[in-house]
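Heads up, the thing below is written out as structure tokens.
In the UniProt record's numbering, the protein residues as written are 1 to 304.
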């Protein structure tokens with residue numbers, strides 16, 4: 001049985017690192033300041049987080065497992081963990097010493113703030129580890145400057161301004177990460193187009209097989225799994241490249257196939273609906289009219 005450590009609070013992680021807790025709901029670990037007793041995670045197979053955790057990795061030799069895949073962290077990599085996520089550790093280099101920073105904050109820190117309302121917009125908290133953010137040298141400086149501002153507030157006595165300033169800087173940190181991810185999607189355009197091409201092929205293959213009859217309509221999650229991506233990352237990739245959500249893209253392909261099938265006068269609308277994976281023909285007819293402007297029967301009549 002795997003030995004997974006529950007990181008329910010900031011104090012749980014800081015105790016593991018033998019690091020001083022300055023605030024019960026938020027903290028930053030500078031791994032250069034962690035003594036040798038603070039590397040005791042070798043006793044565990046992984047961590048389960050009850051708080052948000054962001055890691056700036058500045059050393060090679062660290063591997064973790066997420067979603068069945070291992071990932072090596074290179075210099076200047078940001079990894080994001082949301083509450084209720086579990087990471088498992090892969091093999092360690094015998095001489096590996098962590099370098100970089102960890103920013104952890106509990107969901108309770110956000111209560112009553114604007115960030116609480118928009119935290120779900122930061123999809124990268126649900127990205128897999130192999131979809132980490134790789135920072136340029138300039139981007140890394142921005143991230144470090146924001147960590148420095150948060151740490152500055154943590155080292156001051158808590159007053160009525162503390163929470164607002166800390167949360168505001170965390171929000172700015174996340175907004176910059178969102179911008180940097182947009183840059184990463186652009187710089188990885190060739191890779192992304194290859195992924196989209198594979199997605200198109202998988203989509204065409206799905207509708208030309210018997211899978212719709214047996215498995216129903218394909219989901220975004222199904223294709224993300226096939227491409228070894230998290231649903232959130234896959235959805236953002238498709239949106240950035242096509243301007244459409246992954247669900248809209250799938251529906252567009254479905255309508256293309258549906259138009260060809262409707263053209264066949266030997267098939268009823270109900271038969272076509274079941275072939276495409278719909279449980280109820282009326283749902284197919286409703287979607288078809290919404291996307292095409294005609295019902296399947298009206299469309300058939302207009303082309304015959």
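Every residue, glycine too, gets a C-beta built ideally from N, C-alpha and C.
query, result
"Sufficient close CB pairs (3 or more, under 8 Å) joining the region 183 to 198 to the region 113 to 123", "no"
"Three-state class that DSSP yields for residue 10 in the structure shown", "helix"
"Residue environment, residue 306, which counts as buried when at least 16 other CB atoms sit within 10 Å", "Outside the modelled stretch of the chain, which goes from 1 to 304, sits residue 306, for which no answer is possible."
"Opening and closing residue of the beta strand (DSSP E) in which residue 54 lies", "52 to 57"
"The region 3 to 11 in contact with the region 44 to 54 per 3-pair CB rule at 8 Å", "yes"
"Range of the contiguous alpha helix (DSSP H) that encloses residue 255", "246 to 262"
"Residues near residue 227 in its chain [Cβ-Cβ closer than 7 Å; skip 5 each side]", "195, 198, 199 and 234"
"Element boundaries [alpha helix (DSSP H), containing residue 171]", "162 to 187"
"Contacts around residue 134, its chain only, beta-carbon distance under 7 Å, and the 5 residues preceding and following it disregarded", "76, 77 and 184"
"Beta-carbon gap between residue 34 and residue 13 smaller than 8 Å", "no"
"Three-way DSSP call (helix, strand, coil) for residue 102 in this model", "strand"
"Cut-off 8 Å between Cβ atoms - residues of its own chain near residue 10, not counting five sequence neighbours on either side", "21, 23, 24, 25, 26, 27, 51, 104, 105 and 106"
"Strand pairing of residue 119, partner residues [DSSP]", "According to DSSP, residue 119 bridges with nothing at all."
"Under the three-state DSSP convention, the category residue 86 falls into", "strand"
"Residue 291, DSSP secondary structure in three states", "helix"
"Pair within 8 Å by beta-carbon distance, residue 296 and residue 262", "yes"
"Separation of residue 237 from residue 100, as counted between CA atoms", "28 Å"
"Counted within 10 angstroms of its Cβ, other Cβ atoms place residue 94 as buried (16 or more) or exposed", "With a pLDDT of 45 at residue 94, under the threshold of 50, the modelled position of this residue cannot be trusted, and the question is left open."
"Coarse secondary structure for residue 49, derived from DSSP in three states", "strand"
"Rounded distance between the beta-carbons of residue 207 and residue 253, thought under 8 Å", "7 Å"
"Residue 174, buried or exposed, once every other Cβ within 10 Å from all chains shown has been counted against 16", "buried"
"Cβ neighbours of residue 125 in the same chain (closer than 6 Å, five flanking residues each side left out)", "80 and 82"
"Closest by C-alpha distance to residue 146, when choosing among 155, 170 and 214", "170"
"Residue 137 versus residue 117: straight-line alpha-carbon distance, rounded", "31 Å"
"Sub-8 Å separation of residue 131 and residue 229 beta-carbons", "yes"
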